[in-house]
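These notes concern the structure reproduced below.
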Amino acid sequence: MSTRVDIPAEKSAVAKVTAPLIGASAHGKGGYKKGLAIFDFVLRLGAITAALAATATMGTSGQTLPFFTQFFQFEAGYDDLPTFQFFVIAMAIVSGYLVLSLPFSIVAIIRPQAIGPRLLLIILDTVALTLNTAAAAAATAIVYLAHNGNASANWLGICQQFGDFCQSVSGAVVASFIAAVMLMFLIVISALALRKH
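Numbering (my numbering), first residue to last: 424 to 620.
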């Protein structure tokens, strides 16, 4: 009695050909996710730069105009308006979060198949995007009023007198919207990395 089993040559050849393909696709998926993780890290550095620039520019904005004598002056600063104060605090929180998220982004590069860090990043990035967008939108409304005023309410624009101040706050608002766009891309990248296929 023999226990030998004959395998036809065609089936063994198919098995040899399909085995490397399965391994290659698994390796390719890891490479794809690692590429996304590296792009996430680079984009996160860009978002940190934009958020910090927005915070610093708004926080240092201010201008003083002399009126008749140096003892009687008009002054405009970010701390004169609660909306700009909220902007500085919110963008500082977003900047701090983005700096603290860098280690998780590095973990995603080292272990591209790990789901935990990616899930945490996508949730916290969404919260940061919400805060960033709220601060940018509120500051945009005030910057618009500073430039154009409101004829219905008899509010005059102040940017004719406080040109440097208006230029600083406008630049801060633009930088905050750049950070918001980068956060949107970070959320999309995290969502793509969490896909199974």
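Beta carbons are placed, not taken as given, at the ideal position from N, Cα and C, and that holds for glycine.
By the Cβ-count criterion, leucine 525 is exposed, with fewer than 16 other Cβ atoms from all chains shown falling within 10 Å of its own Cβ.
Under the three-state reduction of DSSP, asparagine 573 is assigned to strand.
In the DSSP assignment, serine 593 falls within the unbroken alpha helix (DSSP H) covering 586 to 616. Scanning the region 493 to 552 from its first residue to its last, the whole alpha helix (DSSP H) runs of 4-plus residues come out as 505 to 523 and 525 to 533.
Here asparagine 555 is buried. Its C-beta has 16 or more other C-beta atoms within 10 Å. About 7 Å separates the Cβ atoms of tyrosine 501 and valine 592, confirming a contact at the 8 Å cut-off.
Using a Cβ distance threshold of 8 Å, alanine 474 and alanine 561 do not count as a contacting pair.
Ranked by how close their Cα comes to the Cα of glycine 458, the residues Ala574, Arg534, Thr563 and Val597 have Arg534 in first place. The beta carbon of phenylalanine 527 sits closer than 8 Å to the beta carbons of Pro540, Leu543 and Leu544 from its chain, once the five residues preceding and following it are set aside; these are given in chain order. Here tyrosine 520 is actually not in contact with leucine 552; their C-beta atoms are around 10 Å apart, not less than 8 Å.
With a threshold of 16 other beta carbon atoms within 10 Å, serine 575 falls short and is exposed.
Taking a contact as a CB-CB distance under 8 Å, the pair alanine 558 and serine 599 counts as one, their CB atoms being some 6 Å apart. The beta carbon of arginine 467 sits closer than 7 Å to those of Leu521, Ser524, Leu525, Ser528 and Leu609, all from its chain and outside the five residues before and after it, given in chain order. Inter-residue distance for valine 596 and serine 484 is about 12 Å (C-alpha atoms, whole angstroms). Rounded to whole angstroms, the gap between the alpha carbons of cysteine 589 and leucine 568 is 11 Å.
Residue burial annotation: alanine 614 is exposed, with fewer than 16 other C-beta atoms found within 10 angstroms of its C-beta. The beta carbon of phenylalanine 509 lies closer than 7 Å to those of Ala558 and Ala561 in the same chain, with the five residues before and after it left out.
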